[in-house]
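Numbers given in my numbering equal positions in the sequence shown, counted from 1, plus 12.
All C-beta atoms in this analysis are idealised placements derived from N, C-alpha and C, irrespective of residue type, glycine included.
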Amino acid sequence: MNDTSASTPRKPRVAVVFGGRSSEHGISCVTAGSVLAAIDRDAYDVVPVGIATDGRWVLEADEPARLAIRGAELPAVDADRSPVALMSATTGTDLVVAEPTAVPSVIGEVDVVFPLLHGPWGEDGTLQGMLEMAGVRYVGSGVLASAIGMDKAYMKVVLQAAGLPVTPGIVVTRSEWEHDPVGTRTRVEELGFPSFAKPARAGSSMGISKVHDASEVEFALEEAFRHDPKVLVEQSMEGAREVECGVLGTVEGPAETSRPGEVRTGGDHEFYDFEAKYLADQHTEIDIPADLPADVEQQLRAMAVRAFDALSCEGLARVDFFVMPDGALVINELNTMPGFTPTSMYPQMWAASGLSYPALVDRLVQLALRRDTGLR
(Lines of atoms letter the chains of each structure in order from A and count residues from 1; the text may use other names and numbers.)
(Lines give C-alpha, C1' and ligand atoms only; values in the text may rest on other atoms or scores of the structure.)
Protein backbone atom coordinates (compact mmCIF):
# COMPACT_ATOMS: atom_id res chain seq x y z
CA MET A 1 0.00 0.00 0.00
CA ASN A 2 1.41 3.39 -1.01
CA ASP A 3 1.97 5.98 1.74
CA THR A 4 0.07 9.10 0.67
CA SER A 5 0.50 11.02 3.92
CA ALA A 6 3.33 13.10 2.49
CA SER A 7 1.09 14.37 -0.30
CA THR A 8 -1.87 15.14 1.98
CA PRO A 9 -2.18 18.93 2.23
CA ARG A 10 -1.90 20.25 5.76
CA LYS A 11 -4.55 22.44 7.30
CA PRO A 12 -3.91 26.19 7.23
CA ARG A 13 -2.23 27.24 10.47
CA VAL A 14 -3.90 30.20 12.21
CA ALA A 15 -2.08 32.03 14.99
CA VAL A 16 -4.66 33.74 17.22
CA VAL A 17 -2.78 36.66 18.77
CA PHE A 18 -4.24 38.46 21.79
CA GLY A 19 -3.48 40.39 24.97
CA GLY A 20 -1.04 43.21 24.34
CA ARG A 21 0.32 46.21 26.19
CA SER A 22 -2.74 48.48 26.07
CA SER A 23 -5.32 49.09 28.79
CA GLU A 24 -7.64 46.81 26.78
CA HIS A 25 -5.49 43.73 27.44
CA GLY A 26 -8.25 41.94 29.36
CA ILE A 27 -10.95 42.59 26.76
CA SER A 28 -8.60 41.30 24.06
CA CYS A 29 -8.21 38.07 26.06
CA VAL A 30 -11.99 37.71 26.36
CA THR A 31 -12.35 38.25 22.61
CA ALA A 32 -9.70 35.60 21.95
CA GLY A 33 -11.47 33.10 24.18
CA SER A 34 -14.62 33.47 22.12
CA VAL A 35 -12.77 33.09 18.80
CA LEU A 36 -10.74 30.09 20.02
CA ALA A 37 -13.97 28.37 21.07
CA ALA A 38 -15.63 29.04 17.72
CA ILE A 39 -12.92 28.42 15.12
CA ASP A 40 -13.28 25.17 13.16
CA ARG A 41 -10.52 22.82 14.36
CA ASP A 42 -11.29 20.39 11.53
CA ALA A 43 -10.45 23.11 9.01
CA TYR A 44 -7.60 24.91 10.75
CA ASP A 45 -4.57 24.19 12.90
CA VAL A 46 -4.93 26.79 15.67
CA VAL A 47 -2.08 28.20 17.76
CA PRO A 48 -2.93 30.66 20.59
CA VAL A 49 -0.26 33.32 21.01
CA GLY A 50 -0.48 35.73 23.93
CA ILE A 51 1.26 39.09 24.24
CA ALA A 52 1.90 39.90 27.90
CA THR A 53 1.44 43.39 29.30
CA ASP A 54 5.21 43.92 29.12
CA GLY A 55 5.25 43.03 25.41
CA ARG A 56 6.59 39.46 25.60
CA TRP A 57 5.08 36.94 23.16
CA VAL A 58 4.26 33.54 24.68
CA LEU A 59 2.71 30.27 23.54
CA GLU A 60 -0.60 30.37 25.40
CA ALA A 61 -2.70 27.41 26.51
CA ASP A 62 -5.53 26.47 24.16
CA GLU A 63 -8.12 26.88 26.92
CA PRO A 64 -10.90 29.25 25.80
CA ALA A 65 -12.79 28.92 29.10
CA ARG A 66 -9.85 30.43 31.01
CA LEU A 67 -10.23 33.63 28.98
CA ALA A 68 -13.78 34.41 30.08
CA ILE A 69 -14.81 37.29 32.36
CA ARG A 70 -15.42 36.03 35.89
CA GLY A 71 -17.57 38.47 37.79
CA ALA A 72 -15.77 41.79 37.40
CA GLU A 73 -12.36 40.15 36.86
CA LEU A 74 -10.82 40.23 33.40
CA PRO A 75 -8.44 37.48 32.23
CA ALA A 76 -4.79 38.07 31.33
CA VAL A 77 -2.04 36.42 29.32
CA ASP A 78 0.14 34.06 31.37
CA ALA A 79 3.54 35.74 30.99
CA ASP A 80 5.34 32.72 32.47
CA ARG A 81 4.60 30.49 29.51
CA SER A 82 7.15 29.60 26.81
CA PRO A 83 8.26 32.57 24.68
CA VAL A 84 7.57 32.46 20.95
CA ALA A 85 8.69 34.45 17.91
CA LEU A 86 7.95 34.73 14.21
CA MET A 87 11.03 33.82 12.17
CA SER A 88 11.56 33.94 8.41
CA ALA A 89 12.02 30.54 6.75
CA THR A 90 12.65 29.37 3.19
CA THR A 91 8.99 28.63 2.49
CA GLY A 92 7.36 31.28 4.63
CA THR A 93 7.30 32.46 8.25
CA ASP A 94 7.63 29.95 11.09
CA LEU A 95 6.39 30.21 14.65
CA VAL A 96 9.27 29.22 16.91
CA VAL A 97 9.24 28.40 20.63
CA ALA A 98 12.44 29.75 22.18
CA GLU A 99 13.02 28.46 25.74
CA PRO A 100 16.08 30.15 27.33
CA THR A 101 17.87 26.85 28.08
CA ALA A 102 16.68 24.72 25.17
CA VAL A 103 17.15 24.44 21.44
CA PRO A 104 14.39 26.45 19.68
CA SER A 105 11.58 24.24 18.42
CA VAL A 106 9.59 25.08 15.29
CA ILE A 107 5.81 24.83 15.57
CA GLY A 108 5.50 25.30 11.82
CA GLU A 109 4.67 27.82 9.16
CA VAL A 110 2.01 30.40 10.00
CA ASP A 111 -0.47 30.94 7.19
CA VAL A 112 -2.68 33.56 8.85
CA VAL A 113 -2.47 35.67 11.98
CA PHE A 114 -5.81 36.55 13.57
CA PRO A 115 -4.89 39.69 15.57
CA LEU A 116 -7.42 40.23 18.33
CA LEU A 117 -5.67 43.11 20.05
CA HIS A 118 -7.60 46.21 21.00
CA GLY A 119 -6.05 49.63 21.41
CA PRO A 120 -2.46 50.81 20.91
CA TRP A 121 0.37 48.38 20.12
CA GLY A 122 -1.86 46.06 18.13
CA GLU A 123 -5.00 47.57 16.67
CA ASP A 124 -3.26 50.75 15.56
CA GLY A 125 -1.18 49.47 12.64
CA THR A 126 1.94 48.57 14.65
CA LEU A 127 1.31 44.81 14.60
CA GLN A 128 0.02 45.01 11.04
CA GLY A 129 3.26 46.67 9.95
CA MET A 130 5.32 43.94 11.58
CA LEU A 131 3.27 41.26 9.83
CA GLU A 132 3.63 43.05 6.50
CA MET A 133 7.41 43.08 6.92
CA ALA A 134 7.34 39.38 7.83
CA GLY A 135 5.18 38.60 4.80
CA VAL A 136 2.43 37.01 6.90
CA ARG A 137 -1.23 37.25 5.92
CA TYR A 138 -3.55 38.52 8.64
CA VAL A 139 -7.20 39.19 9.38
CA GLY A 140 -8.47 42.75 9.15
CA SER A 141 -7.34 46.13 7.92
CA GLY A 142 -3.84 47.08 6.87
CA VAL A 143 -1.40 49.55 8.39
CA LEU A 144 -2.96 52.80 7.22
CA ALA A 145 -6.60 51.94 7.90
CA SER A 146 -5.70 50.52 11.31
CA ALA A 147 -3.73 53.63 12.26
CA ILE A 148 -6.46 56.02 11.13
CA GLY A 149 -9.16 53.90 12.74
CA MET A 150 -7.30 54.01 16.05
CA ASP A 151 -6.86 57.79 16.04
CA LYS A 152 -10.35 59.25 16.24
CA ALA A 153 -9.14 62.76 15.45
CA TYR A 154 -7.59 61.77 12.13
CA MET A 155 -10.53 59.46 11.46
CA LYS A 156 -12.78 62.53 11.52
CA VAL A 157 -10.52 64.31 9.02
CA VAL A 158 -10.68 61.39 6.58
CA LEU A 159 -14.43 60.86 6.97
CA GLN A 160 -15.16 64.57 6.50
CA ALA A 161 -12.96 64.61 3.38
CA ALA A 162 -15.15 61.79 2.03
CA GLY A 163 -18.24 63.94 2.60
CA LEU A 164 -19.48 62.00 5.62
CA PRO A 165 -21.04 63.72 8.65
CA VAL A 166 -19.18 63.45 11.97
CA THR A 167 -19.72 64.82 15.48
CA PRO A 168 -18.30 68.33 16.00
CA GLY A 169 -15.25 68.31 18.24
CA ILE A 170 -11.80 69.64 19.09
CA VAL A 171 -8.44 68.07 19.92
CA VAL A 172 -6.70 68.88 23.20
CA THR A 173 -3.15 67.74 23.94
CA ARG A 174 -1.64 67.24 27.37
CA SER A 175 1.08 69.77 26.48
CA GLU A 176 -1.53 72.37 25.58
CA TRP A 177 -3.44 71.73 28.82
CA GLU A 178 -0.28 72.04 30.93
CA HIS A 179 1.05 75.20 29.25
CA ASP A 180 -2.23 77.06 28.62
CA PRO A 181 -5.01 75.71 30.87
CA VAL A 182 -7.06 78.91 30.61
CA GLY A 183 -7.03 78.94 26.82
CA THR A 184 -7.72 75.22 26.67
CA ARG A 185 -10.65 75.52 29.05
CA THR A 186 -12.03 78.38 26.93
CA ARG A 187 -11.88 76.24 23.78
CA VAL A 188 -13.73 73.41 25.53
CA GLU A 189 -16.36 75.78 26.88
CA GLU A 190 -16.88 77.35 23.44
CA LEU A 191 -17.68 73.88 22.08
CA GLY A 192 -20.64 73.87 24.45
CA PHE A 193 -22.09 71.56 27.10
CA PRO A 194 -22.81 68.79 27.54
CA SER A 195 -19.82 67.29 25.78
CA PHE A 196 -17.69 64.16 25.93
CA ALA A 197 -13.95 63.98 26.58
CA LYS A 198 -12.25 60.80 25.43
CA PRO A 199 -8.78 59.52 24.59
CA ALA A 200 -8.13 59.95 20.87
CA ARG A 201 -6.44 56.55 20.60
CA ALA A 202 -8.21 54.15 22.95
CA GLY A 203 -11.26 51.90 22.76
CA SER A 204 -13.73 49.91 24.85
CA SER A 205 -14.95 53.28 26.19
CA MET A 206 -11.81 53.61 28.33
CA GLY A 207 -11.26 57.04 29.89
CA ILE A 208 -14.47 58.64 28.57
CA SER A 209 -16.36 61.20 30.66
CA LYS A 210 -19.48 63.20 30.02
CA VAL A 211 -18.86 66.87 30.75
CA HIS A 212 -22.03 68.58 31.95
CA ASP A 213 -20.58 72.02 32.73
CA ALA A 214 -17.34 73.97 33.16
CA SER A 215 -16.74 72.56 36.65
CA GLU A 216 -16.17 69.08 35.19
CA VAL A 217 -13.69 70.01 32.44
CA GLU A 218 -10.52 69.45 34.46
CA PHE A 219 -11.54 66.04 35.79
CA ALA A 220 -12.67 64.83 32.34
CA LEU A 221 -9.44 65.90 30.64
CA GLU A 222 -7.24 64.40 33.35
CA GLU A 223 -9.16 61.11 33.18
CA ALA A 224 -8.72 60.94 29.41
CA PHE A 225 -5.03 61.89 29.67
CA ARG A 226 -4.47 58.81 31.83
CA HIS A 227 -4.93 56.79 28.63
CA ASP A 228 -3.62 59.14 25.93
CA PRO A 229 -1.79 62.49 25.77
CA LYS A 230 -4.16 63.42 22.95
CA VAL A 231 -7.83 63.90 23.82
CA LEU A 232 -10.89 64.46 21.67
CA VAL A 233 -13.68 66.63 23.09
CA GLU A 234 -16.95 66.29 21.19
CA GLN A 235 -20.40 67.79 21.41
CA SER A 236 -22.93 65.48 23.02
CA MET A 237 -25.51 64.51 20.45
CA GLU A 238 -28.44 65.01 22.81
CA GLY A 239 -31.59 63.08 21.96
CA ALA A 240 -29.77 60.82 19.50
CA ARG A 241 -30.07 57.05 19.32
CA GLU A 242 -26.85 54.99 19.28
CA VAL A 243 -26.99 52.58 16.35
CA GLU A 244 -24.16 50.39 15.08
CA CYS A 245 -23.60 48.51 11.84
CA GLY A 246 -21.21 45.68 11.00
CA VAL A 247 -19.22 45.74 7.76
CA LEU A 248 -17.64 42.62 6.29
CA GLY A 249 -15.31 42.42 3.33
CA THR A 250 -15.82 40.22 0.31
CA VAL A 251 -13.38 38.56 -2.08
CA GLU A 252 -14.76 40.58 -4.96
CA GLY A 253 -17.11 43.54 -5.06
CA PRO A 254 -18.26 45.94 -2.36
CA ALA A 255 -18.29 45.10 1.34
CA GLU A 256 -21.44 43.73 2.93
CA THR A 257 -23.32 45.16 5.90
CA SER A 258 -25.24 43.58 8.75
CA ARG A 259 -28.61 44.63 10.06
CA PRO A 260 -28.00 47.58 12.40
CA GLY A 261 -28.27 47.22 16.17
CA GLU A 262 -29.28 49.81 18.76
CA VAL A 263 -27.82 50.14 22.25
CA ARG A 264 -29.74 51.71 25.13
CA THR A 265 -28.24 52.17 28.58
CA GLY A 266 -30.05 52.72 31.84
CA GLY A 267 -29.57 52.61 35.57
CA ASP A 268 -26.47 54.54 36.62
CA HIS A 269 -25.01 54.50 33.11
CA GLU A 270 -25.51 57.84 31.41
CA PHE A 271 -23.77 56.54 28.30
CA TYR A 272 -22.37 53.29 26.87
CA ASP A 273 -19.27 53.15 29.07
CA PHE A 274 -16.90 50.24 29.80
CA GLU A 275 -19.03 48.78 32.58
CA ALA A 276 -22.22 49.00 30.53
CA LYS A 277 -20.48 47.26 27.61
CA TYR A 278 -18.95 44.36 29.49
CA LEU A 279 -20.07 44.10 33.11
CA ALA A 280 -23.61 45.37 33.60
CA ASP A 281 -26.10 43.44 31.50
CA GLN A 282 -29.09 44.42 33.58
CA HIS A 283 -28.84 48.08 32.57
CA THR A 284 -27.99 47.65 28.88
CA GLU A 285 -30.64 46.86 26.28
CA ILE A 286 -29.80 45.88 22.72
CA ASP A 287 -32.23 45.76 19.82
CA ILE A 288 -31.07 43.80 16.77
CA PRO A 289 -32.25 44.75 14.27
CA ALA A 290 -32.74 48.35 15.33
CA ASP A 291 -36.24 49.73 14.88
CA LEU A 292 -35.53 52.12 12.02
CA PRO A 293 -37.57 53.20 9.00
CA ALA A 294 -36.51 51.22 5.96
CA ASP A 295 -35.10 54.25 4.18
CA VAL A 296 -33.03 55.28 7.22
CA GLU A 297 -31.60 51.76 7.59
CA GLN A 298 -30.73 51.66 3.90
CA GLN A 299 -28.99 55.03 4.12
CA LEU A 300 -27.14 54.00 7.29
CA ARG A 301 -25.85 50.76 5.75
CA ALA A 302 -24.72 52.56 2.60
CA MET A 303 -22.94 55.16 4.71
CA ALA A 304 -21.19 52.41 6.69
CA VAL A 305 -19.68 51.03 3.47
CA ARG A 306 -18.63 54.53 2.41
CA ALA A 307 -16.81 54.95 5.73
CA PHE A 308 -15.20 51.51 5.36
CA ASP A 309 -13.94 52.46 1.91
CA ALA A 310 -12.86 55.97 2.94
CA LEU A 311 -10.38 54.49 5.44
CA SER A 312 -9.34 51.71 3.00
CA CYS A 313 -10.51 49.07 5.49
CA GLU A 314 -10.28 45.34 4.83
CA GLY A 315 -11.93 42.34 6.40
CA LEU A 316 -14.15 43.84 9.06
CA ALA A 317 -15.22 47.00 10.82
CA ARG A 318 -18.01 48.28 12.99
CA VAL A 319 -19.37 51.75 12.24
CA ASP A 320 -21.14 53.56 15.08
CA PHE A 321 -23.80 56.15 14.30
CA PHE A 322 -25.94 58.70 16.04
CA VAL A 323 -29.47 58.73 14.63
CA MET A 324 -30.83 62.18 15.38
CA PRO A 325 -34.49 62.82 16.28
CA ASP A 326 -35.18 64.04 12.73
CA GLY A 327 -33.63 60.86 11.23
CA ALA A 328 -30.35 62.52 10.22
CA LEU A 329 -27.26 60.30 10.53
CA VAL A 330 -23.94 61.28 12.10
CA ILE A 331 -20.94 58.94 12.32
CA ASN A 332 -19.53 58.63 15.81
CA GLU A 333 -16.56 56.39 14.95
CA LEU A 334 -15.33 53.35 13.04
CA ASN A 335 -13.64 50.42 14.79
CA THR A 336 -11.32 48.27 12.65
CA MET A 337 -11.14 45.45 15.22
CA PRO A 338 -14.49 45.36 17.00
CA GLY A 339 -14.90 43.13 20.02
CA PHE A 340 -15.86 39.47 19.68
CA THR A 341 -16.90 38.94 23.29
CA PRO A 342 -20.21 37.18 23.95
CA THR A 343 -21.87 40.58 24.50
CA SER A 344 -20.19 42.37 21.60
CA MET A 345 -22.40 43.98 19.03
CA TYR A 346 -20.46 42.97 15.91
CA PRO A 347 -21.02 39.19 16.06
CA GLN A 348 -24.55 39.67 17.37
CA MET A 349 -25.48 41.86 14.42
CA TRP A 350 -24.11 39.33 11.96
CA ALA A 351 -25.93 36.48 13.71
CA ALA A 352 -29.15 38.45 13.32
CA SER A 353 -28.27 38.87 9.64
CA GLY A 354 -27.93 35.11 9.10
CA LEU A 355 -24.17 34.63 9.64
CA SER A 356 -23.41 32.59 12.75
CA TYR A 357 -20.40 33.22 14.98
CA PRO A 358 -18.38 30.24 13.66
CA ALA A 359 -19.28 31.13 10.08
CA LEU A 360 -18.20 34.74 10.69
CA VAL A 361 -14.82 33.62 12.06
CA ASP A 362 -14.36 31.29 9.08
CA ARG A 363 -15.25 34.05 6.62
CA LEU A 364 -12.61 36.34 8.11
CA VAL A 365 -9.90 33.68 8.00
CA GLN A 366 -10.79 32.80 4.41
CA LEU A 367 -10.63 36.46 3.41
CA ALA A 368 -7.17 36.70 4.98
CA LEU A 369 -5.96 33.57 3.18
CA ARG A 370 -6.93 35.18 -0.13
CA ARG A 371 -5.11 38.46 0.46
CA ASP A 372 -1.51 39.39 -0.24
CA THR A 373 0.76 41.39 2.02
CA GLY A 374 2.42 44.61 0.94
CA LEU A 375 1.33 46.25 -2.32
CA ARG A 376 0.83 43.09 -4.33
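For residue 222, the enclosing beta strand (DSSP E) has its first and last residue at 221-223. Check the Cα spacing between residue 127 and each of 384, 327, 357: the tightest is with 327. Residue 106 sits in a strand when the DSSP states are folded into three classes.
If you check the CB distance, residue 277 and residue 262 do not come in under 8 Å.
With respect to residue 266, residue 331 sits apart: the two C-beta atoms are not nearer than 8 Å.
Along the stretch 345-382, the beta strand (DSSP E) does not occur as any fully enclosed run of 3 or more residues.
Taking every protein chain shown into account, the CB of residue 305 has fewer than 16 other CB atoms within 10 angstroms, so this residue is exposed.
Using a C-beta cut-off of 8 Å, the stretch 247-254 makes contact with the stretch 205-215, since at least three inter-stretch Cβ pairs fall below that distance. One thing to note: residue 125 has its Cβ within 8 Å of the Cβ of residue 27.
Counting only the Cα atoms, residue 183 lies some 12 Å from residue 236.
Taking a cut-off of 8 Å on C-beta distances, the stretch 152-167 touches the stretch 343-363, as three or more cross pairs fall below it. Here DSSP, grouped into helix, strand and coil, assigns residue 185 to strand. Distance from residue 89 to residue 72 at the Cβ level is roughly 6 Å; contact confirmed, criterion being Cβ atoms closer than 8 Å. The straight-line gap separating the alpha-carbon atoms of residue 45 and residue 134 is approximately 17 Å. Taking C-beta atoms as the reference points, residue 70 and residue 83 fail to come closer than 8 Å. Between residue 179 and residue 308, the CB-CB gap reaches or exceeds 8 Å. In this structure, the beta-carbon distance from residue 323 to residue 157 falls below 8 Å.
Residues of the same chain with a CB within less than 7 Å of the CB of residue 189, apart from the 5 flanking positions on each side, are 196, 233 in chain order. By the neighbour-count criterion, in which 16 or more other beta carbons inside 10 Å mark a residue as buried, residue 194 falls on the exposed side.
For residue 277, the enclosing beta strand (DSSP E) begins and ends at 273-277. Taking C-alpha positions only, residue 222 is separated from residue 145 by approximately 41 Å. Bridge partners of residue 296 according to DSSP: 277.
Residue 172 and residue 75 have their C-alpha atoms some 43 Å from each other. Ranked by how close their Cα comes to the Cα of residue 200, the residues 220, 230, 191, 211 have 230 in first place. In the three-state reduction of the DSSP assignment, residue 51 falls in the coil class. Rounded to whole angstroms, residue 210 and residue 23 show a C-alpha spacing of 43 Å. Pairing residue 320 with residue 329 gives a Cβ-Cβ distance under 8 Å. As far as DSSP is concerned, residue 65 takes part in no beta bridge. Nearest C-alpha to residue 334 among 381, 214, 302: 302.
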